[in-house]
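J.: Have a look at the structure that comes next, please.
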Amino acid sequence: MKEERKLILKLGQMITDRVGVKVTVEDPEYWGLAEVLTDEMAEVCLSMKVTKPMTLEQIARKSGKDPERVQKLLDEMSMIGMIEYNWENADHHKQYVLPMFVPGCAEFMMMNDKQVEEHPILADFFENMSRLPLEKVTPMVPPGGSGIGMHVIPVEKAIPAKQESASVEHISHWLKKYQDKYAVGACSCRRQQRVRGEGCGEIEGDLCIGVGDMADYLVETGKGHYITQEEVLEILERAERNGFVHQITNIDGEDKIFAICNCAPGVCNALRTSQLFNTPNMSRSAYRAHVEAGKCVACGQCVEVCPVGAAKLGQKLCTKQGEISYPKSLLPDTEKWGPDKWAPDYRDHAKINCYDTGTSPCKTACPAHLPVQGYIKMAAEGRYLDALKLIKTENPFPAVCGAICNRRCEDACTRATIDQAVAIDEIKRFIAEQELKENTRFVPLCENHEGKQFTQKIAVIGAGPAGMSAAYYLRTKGYPVTIFEKESRAGGMLMNGIPSFRLEKSVIEAEIDILKQMGIEFRYNVEIGKDITIPELRAQGYQAFYIAIGAQGGRKTGIPGEDAKGVTTGVEFLRSVNLNEDSVHLNGRTVVIGGGNVAIDVARTALRTGSELVSMYCLESEAEMPAARDEVEEAKEEDIQIQCGWGPKEILTENGAVTGIVLKKCISVFDENHRFAPVYNENDCITLECENVLLSIGQTILWGNLLKDTAVELRPNQTAQADPVTYQTAEPDIFVGGDVFTGPKFAIDAIAAGKQGCVSIHRFVHKGHSLTLCRDLRQFVELDKNNLDIEEFDTAKRQIPGKKSGIAKETFRDLRSSLTEEQVKIEAGRCLGCGASVVDENKCIGCGLCTTNASLMPSI
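Under full-length UniProt numbering, residue 860 is the last one in the sequence shown; the count climbs by one each step, no gaps.
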């Protein structure tokens with residue numbers, strides 16, 4: 001049983017926000033105040049009238065204390081956050097106000113950073129007083145909040161010019177009213193959540209703007225500093241870029257506020273409680289977002305920025321049953337409300353990005369969930385730079401992916417149910433090439449939420465697509481990032497594993513150059529674990545590590561003869577050629593073992609390095625081959641023989657050199673659970689004469705001593721063990737991504753992993769932040785393509801890019817041309833526009849942030 005301090009208990013009862021509650025020593029109204037107030041301070045407070053301004057003389061007279069002593073106590077309590085100031089009187093003399101808890105002393109106490117560090121229980125105090133008073137009253141709160149705490153005001157440019165609107169809904173109204181009296185301080189909610197260990201990646205900083213008397217109070221008590229109106233506007237614009245919600249305090253009476261806050265979803269107490277109690281009424285503005293379906297292209301940017309999940313992706317096309325009717329949230333205006341309607345664990349669940357009836361298949365199928373419809377529409381309008389910026393929200397390497405992507409978006413395209421899929425990748429390639437032709441290229445803004453740079457140094461190990469993507473997104477957040485690469489150049493397998501006839505080195509170099517312009521540092525010829533260790537990098541100040549070294553080793557079969565001269569793994573072979581195309585020469589006949597995309601690259605490269613006859617042998621049937629269909633066809637066009645259903649048994653040698661290979665018939669590749677478990681007929685064999693055998697049956701991870709003196713654990717297949725959501729390993733400051741975690745996959749998978757790695761590292765290096773709370777896991781559902789009623793569509797045929805002059809198998813140059821501008825516009829017109837954003841107007845709080853993120857495509 002806690003010791004009862006009667007004066008503190010009485011004060012807590014007097015200023016509680018809760019209706020009909022008898023405060024006890026177990027309640028936050030008591031223990032929060034008891035943490036920082038003396039009994040003498042409580043005596044002074046008890047002599048005051050709640051929320052009523054009083055002079056020093058009035059307080060001294062009421063308390064019966066010496067004015068000098070009262071002044072000292074008031075000053076101390078002002079610093080603590082128990083007392084606020086007021087000058088709103090005829091001669092503008094200073095008055096003191098005893099506020100209620102929230103917004104009030106519970107919030108003001110959190111503004112004192114030193115005090116909170118000494119008394120972290122104040123964070124729990126603020127949390128409780130932000131929530132408990134609303135448990136009973138939330139069903140009664142009308143739209144607009146009616147004086148309950150905070151009131152959302154929309155991004156001003158979101159308000160339609162033709163619409164008549166109340167001045168109090170305009171930021172400009174409040175800036176004019178309180179002109180030349182602004183101060184800025186740290187956000188109490190962000191600090192509270194960080195101290196409680198529940199931060200969601202929204203970092204403290206000078207973001208909350210006090211106006212009028214509050215500005216003076218912040219400065220006098222050391223909780224903030226004065227700023228100009230120009231600085232206010234800069235903070236507000238930056239807040240909108242970062243997806244923060246503008247809110248004002250609306251408890252001081254008509255046309256009065258004391259702050260303009262820039263609130264972060266997931267940590268703001270006002271926004272969190274409205275989600276917890278499942279009602280936006282407590283704080284929403286007078287505006288509602290709506291979608292102009294004809295303009296919406298389902299880019300999903302508005303969905304991802306919506307702080308309350310009111311915007312989700314749905315579909316635009318009619319079903320066989322007609323248009324889909326999307327559900328609207330219930331509201332306490334019309335329903336009996338209580339705990340059964342609340343969502344107390346709303347932050348524990350992944351953000352839901354789309355309705356369960358689904359959205360556009362292209363966005364769903366892409367591992368990075370690119371806003372495909374958006375950039376296709378922009379391309380149709382000739383807005384290539386806008387399209388590029390939109391692509392780079394999810395993929396820093398559009399030109400690279402335009403050349404080598406395995407096109408899962410096209411495989412899923414709804415248009416393919418009519419004739420042929422939209423040439424999505426060709427359109428993306430065209431967009432990226434327009435930028436490559438420009439003298440000035442798009443370099444994203446690299447700053448943190450305060451318009452500054454973070455000081456936490458991040459080390460990325462491996463300059464492949466996963467590592468460079470993580471570095472790209474970390475840099476856009478304002479981090480100093482260094483990429484360590486053991487090779488003499490960046491690119492990883494993009495540079496060393498993909499032949500130039502599929503991806504020209506100049507294309508990779510151009511996109512890497514953007515990273516350098518962003519300020520990312522590259523250190524080449526540095527092998528971590530050999531030239532320097534992770535513990536040594538920690539000693540240099542690096543606070544987190546992202547390991548993405550890829551799977552750059554080749555796998556062997558274990559059959560007799562594979563150590564002979566003339567036998568090489570496909571990965572080693574491609575690396576040698578990519579380092580110097582003129583240095584590798586194959587004589588005679590070459591057999592390539594494998595059926596994937598890498599094996600196709602190996603075979604086509606062997607042809608270009610002089611082999612007179614190249615044949616491929618794989619276990620799978622042609623239908624089961626993992627290689628992309630278009631790449632298989634390109635290989636056949638170059639007279640490469642592809643034989644399916646055979647596996648290696650023995651390599652024949654003479655004097656240590658290859659003379660041939662024995663292959664055995666593969667009866668089946670997978671077991672009943674579709675696990676790789678090949679079965680052979682050892683008696684059904686063929687023997688081929690050849691001088692070269694290139695093994696392209698898989699890749700391995702070459703760890704070396706990279707993980708020495710770390711706690712990182714490996715799976716039996718040598719991939720790193722890590723959390724599947726956060727990518728954090730058993731060594732808390734080490735994260736992994738790309739092939740070292742998943743095993744060999746495609747570049748777009750690695751790019752998606754790099755962005756998620758950035759999210760985790762950003763949260764990790766700021767203590768007190770959860771790696772999982774309120775995390776957007778980018779989960780999408782594909783619409784039912786078998787239940788569509790498509791009546792009208794552009795009847796143009798899929799556009800085919802041309803080819804440059806030359807004989808493909810005789811050159812390492814990429815002879816594939818891009819679509820022409822005219823073809824791009826025709827092809828973009830073939831898009832059916834499957835997806836669309838859908839806004840639940842009952843859930844919308846009217847912040848207008850969706851308009852700032854949908855401004856590239858004005859759909860909202």
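Note that beta-carbon positions come from the ideal geometry of N, C-alpha and C, so glycine has one too.
As the structure is a prediction and not an experimental result, all values here were calculated from the model.
So which of 803, 654, 807, 830 has the shortest CA-CA distance to residue 818?
T.: Selected option, being the one with the closest Cα: 803.
J.: Leaving out five residues before and five after residue 855 in sequence, what residues of the same chain have Cβ atoms less than 8 Å from its Cβ?
T.: In this prediction, residue 855 has a pLDDT of 40, which is less than 50 and means its spatial position is unreliable; what the coordinates show is noted afterwards. Closer than 8 Å at Cβ, skipping near neighbours: no residue.
J.: Along the alpha helix (DSSP H) that carries residue 232, what are the first and last residues, could you check?
T.: Note, residue 232: alpha helix (DSSP H), 229-241.
J.: Specify the secondary structure class of residue 811 as computed by DSSP and reduced to three states.
T.: Reduced to three states, the DSSP call for residue 811 is coil.
J.: Let me check one thing: in DSSP terms, what residues is residue 521 bridge-paired to?
T.: Per DSSP, 482.
J.: Could you give the residue range of the alpha helix (DSSP H) that holds residue 476?
T.: Start and end: 465-476.
J.: Under 9 Å, do residue 512 and residue 544 count as touching if we go by C-beta distance?
T.: No, the Cβ-Cβ distance between residue 512 and residue 544 is not below 9 Å.
J.: What span of residues does the beta strand (DSSP E) with residue 668 cover, start to end?
T.: Its beta strand (DSSP E) spans residues 657-670.
J.: Please report how far the alpha carbon of residue 434 lies from the alpha carbon of residue 384, in whole angstroms.
T.: So the alpha carbons of these two residues sit roughly 7 Å apart.
J.: Using 10 angstroms around the beta-carbon of residue 749, count the other beta-carbons present and answer buried if the total reaches 16, otherwise exposed.
T.: With 16 or more Cβ atoms within 10 Å of its Cβ, residue 749 is classed as buried.
J.: Would residue 83 and residue 70 be called neighbours here (beta carbons separated by less than 9 Å)?
T.: No, Cβ-Cβ distance for residue 83 and residue 70 is not below 9 Å.
J.: What separation, rounded to the nearest whole angstrom, lies between the Cα atoms of residue 173 and residue 206?
T.: If I take the Cα positions, the gap works out to 22 Å.
J.: Distance, Cα to Cα, residue 644 vs residue 398?
T.: Their backbone Cα atoms lie some 34 Å apart in a straight line.
J.: What's the gap between the Cα of residue 464 and the Cα of residue 32?
T.: About 51 Å.
J.: Given this structure, state the Cα-to-Cα distance separating residue 218 from residue 241, to the nearest angstrom.
T.: The alpha-carbon atoms of residue 218 and residue 241 are separated by roughly 26 Å.
J.: DSSP three-state label for residue 104, please.
T.: Looking at residue 104 - three-state DSSP - the assignment turns out to be helix.
J.: Work out the CA separation of residue 534 and residue 731 for me, nearest whole Å.
T.: Residue 731 and residue 534: Cα-Cα distance of roughly 11 Å.
J.: Nearest by alpha-carbon distance to residue 864: which of 820, 823, 476, 637 is it?
T.: Here the chain comprises residues numbered 1 to 860, so residue 864 is not present and cannot be evaluated.
J.: Exposed or buried, residue 235, counting other C-beta atoms within 10 Å across all chains shown (16 or more means buried)?
T.: It counts as buried.
J.: Ends of the beta strand (DSSP E) at residue 183?
T.: Where residue 183 is concerned, the enclosing beta strand (DSSP E) stretches over 182-186.
J.: Is residue 559 near the ligand MG, going by C-beta to nearest heavy atom under 8 Å?
T.: For the ligand MG, the structure offers nothing, since it holds no ligand at all.
J.: Determine the burial state of residue 316: buried for a count of at least 16 other Cβ atoms within 10 Å of its Cβ, exposed for fewer.
T.: Looking at its Cβ environment, which holds 16 or more other Cβ atoms inside 10 Å, residue 316 is buried.
J.: Should residue 93 be labelled buried (16 or more other beta-carbon atoms within 10 Å of its own) or exposed?
T.: By the neighbour-count rule (16 or more Cβ atoms within 10 Å), residue 93 is not buried but exposed.
J.: Quick check on residue 71: does DSSP put it in helix, strand or coil?
T.: Three-state result, residue 71: helix.
J.: With three or more C-beta pairs closer than 8 Å as the rule, is the region 582-595 touching the region 692-708?
T.: Segments in contact, yes.
J.: So, using beta-carbon positions, are residue 187 and residue 299 closer together than 9 Å?
T.: No, they are not a contact pair.
J.: Kindly indicate the opening and closing residues of the alpha helix (DSSP H) around residue 269.
T.: Where residue 269 is concerned, the enclosing alpha helix (DSSP H) stretches over 269-276.
J.: At what residues does the beta strand (DSSP E) containing residue 246 begin and finish?
T.: Looking at the DSSP string, the run of the beta strand (DSSP E) that includes residue 246 is 245-249.
J.: What is the DSSP secondary structure of residue 836, counted as helix, strand or coil?
T.: Residue 836: strand per DSSP, three-state reduction.
J.: In whole angstroms, give me the CA-to-CA distance for residue 671 and residue 604.
T.: Rounded to whole angstroms, residue 671 to residue 604 spans 31 Å at the Cα level.
J.: I need the straight-line Cα distance from residue 506 to residue 431, nearest angstrom please.
T.: Straight-line Cα distance between these residues: approximately 16 Å.
J.: Cα-Cα, which of 66, 101, 56, 40 is closest to residue 19?
T.: That would be 101, whose Cα lies nearest to the Cα of residue 19.
J.: What number of angstroms, rounded off, separates the C-alpha of residue 11 from the C-alpha of residue 351?
T.: So the alpha carbons of these two residues sit roughly 41 Å apart.
J.: For residue 682, which residues from the same chain have a beta carbon less than 7 Å from its beta carbon, with the 5 sequence-adjacent residues on both sides left out?
T.: Answer for residue 682: 664, listed in chain order.
J.: Helix, strand or coil for residue 48? Go by DSSP, reduced to three states.
T.: Coil, per DSSP.
J.: Can you tell me whether residue 386 is buried or exposed, with buried defined as 16 or more other CB within 10 angstroms of its CB?
T.: Residue 386 is buried by the Cβ-count criterion.
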